[in-house]
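Report on the structure given below.
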Amino acid sequence: MTEVPEKKAERFEQMTREHPDIHDIHNAVLREQFSPREGAERVPVLLFIGILAIVMWGGYYLSEYDASFQARAYDGPAAFAPSAAAPSVDEEPVQADPMKVGKRVYARCISCHQQDGKGLGSQYPPLAGSTWVTGDERVLARILVGGLNGPIEVSGRSYNGAMPAWRQLSDVEIASVLTYIRGSFGNQALPVAPEVVAEARADQNKGPWTARELQELGSATEPEAVQ
Numbered sequence: 017m018t019e020v021p022e023k024k025a026e027r028f029e030q031m032t033r034e035h036p037d038i039h040d041i042h043n044a045v046l047r048e049q050f051s052p053r054e055g056a057e058r059v060p061v062l063l064f065i066g067i068l069a070i071v072m073w074g075g076y077y078l079s080e081y082d083a084s085f086q087a088r089a090y091d092g093p094a095a096f097a098p099s100a101a102a103p104s105v106d107e108e109p110v111q112a113d114p115m116k117v118g119k120r121v122y123a124r125c126i127s128c129h130q131q132d133g134k135g136l137g138s139q140y141p142p143l144a145g146s147t148w149v150t151g152d153e154r155v156l157a158r159i160l161v162g163g164l165n166g167p168i169e170v171s172g173r174s175y176n177g178a179m180p181a182w183r184q185l186s187d188v189e190i191a192s193v194l195t196y197i198r199g200s201f202g203n204q205a206l207p208v209a210p211e212v213v214a215e216a217r218a219d220q221n222k223g224p225w226t227a228r229e230l231q232e233l234g235s236a237t238e239p240e241a242v243q
């Protein structure tokens, strides 16, 4: 009888397992290093510490210099310059130019009274040449602090609208913008002191003023009668 095929296969496998090159091949495979996959690397410890330090410093800086997030608390980089330091006892503080401050505040009024102070048609009265502007400063201060409502005549023309109060501005800001409009657009009137605005603010215990109330308050501001 011929030899069974299974025995031949078994003898072949036994010879293969005993081949001297098999161990060398497996050792070479075991020495191979696996290629790293993208995203599987560990974050360097120093990088993590650096990021944590930056976050902590940012939190400290924000809490130290946020000024309670008040809009008028930050005066720009110039505030930290040596010249912006607090004056000494013997040094007089530098006063801001009210015309420059007033021009900046007047930017809020341009949409109604226009850049040239001539107003807008029959909706918003002019500031140029108006004796409401160049007249009694106490009346003008009360208009800005308390607002104005109802009919009014300005330079011979009737208007019937409403002007909002600007009491959220400081006394210096209101005095500066009043000084600006009294000295601009061809107007030539004396400047307004912050004390006048403070007096108007203390007297403001009602809603918007009417033209008649303002005329009764002080000297007549317009020669025309209020309707």
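The sequence shown begins at 17 in our numbering and counts up one residue at a time. All C-beta atoms in this analysis are idealised placements derived from N, C-alpha and C, irrespective of residue type, glycine included.
If you measure between the beta carbons of residue 159 and residue 68, is that distance less than 9 angstroms? If you check the CB distance, residue 159 and residue 68 do not come in under 9 angstroms.
Following the continuous alpha helix (DSSP H) through residue 75, name the residue where it begins and the one where it ends. For residue 75, the uninterrupted alpha helix (DSSP H) run begins and ends at 61-81, by DSSP.
If you draw a straight line from the C-alpha of residue 145 to the C-alpha of residue 198, how long is it? For residue 145 and residue 198, the distance between alpha carbons rounds to 9 angstroms.
State the beta-bridge partners of residue 166 as determined by DSSP. For residue 166, which the question treats as bridged, DSSP gives the partners 177.
Determine, using beta-carbon pairs with one atom in the region 109-120 and one in the region 159-168, whether at least three such pairs fall under 8 angstroms. With the cut-off at 8 angstroms, the region 109-120 and the region 159-168 do not touch.
Do you know whose CA, among 228, 125 and 73, lies nearest residue 181's CA? It is 125.
Suppose the cutoff is 6 angstroms on Cβ atoms and the five residues either side in sequence are ignored; what does the same chain contact list for residue 193 look like? Shown here for residue 193: same chain residues with a beta carbon closer than 6 angstroms to its own, the five before and five after excluded, namely 118, 121 and 122 in chain order.
Is it buried or exposed for residue 80, if we count other Cβ within 10 angstroms and need 16 for buried? Residue 80 is exposed by the Cβ-count criterion.
Got a sec? Which residues, its chain only, sit under 6 angstroms from residue 188 by beta carbon, not counting five neighbours each side? Closer than 6 angstroms at the Cβ level, and outside the excluded window around residue 188, lie 210.
DSSP puts residue 194 in a beta bridge; with which residues? Residue 194 is bridged by DSSP to nothing; it lacks a bridge partner.
Cβ-based neighbour list, residue 246, same chain, cut-off 8 angstroms, excluding 5 preceding and 5 following: Outside the shown range of the chain (17 to 243) lies residue 246, about which nothing can therefore be said.
Between 133, 167 and 171, which lies nearest to residue 177 when the distance is taken from Cα to Cα? Nearest C-alpha to residue 177: 167.
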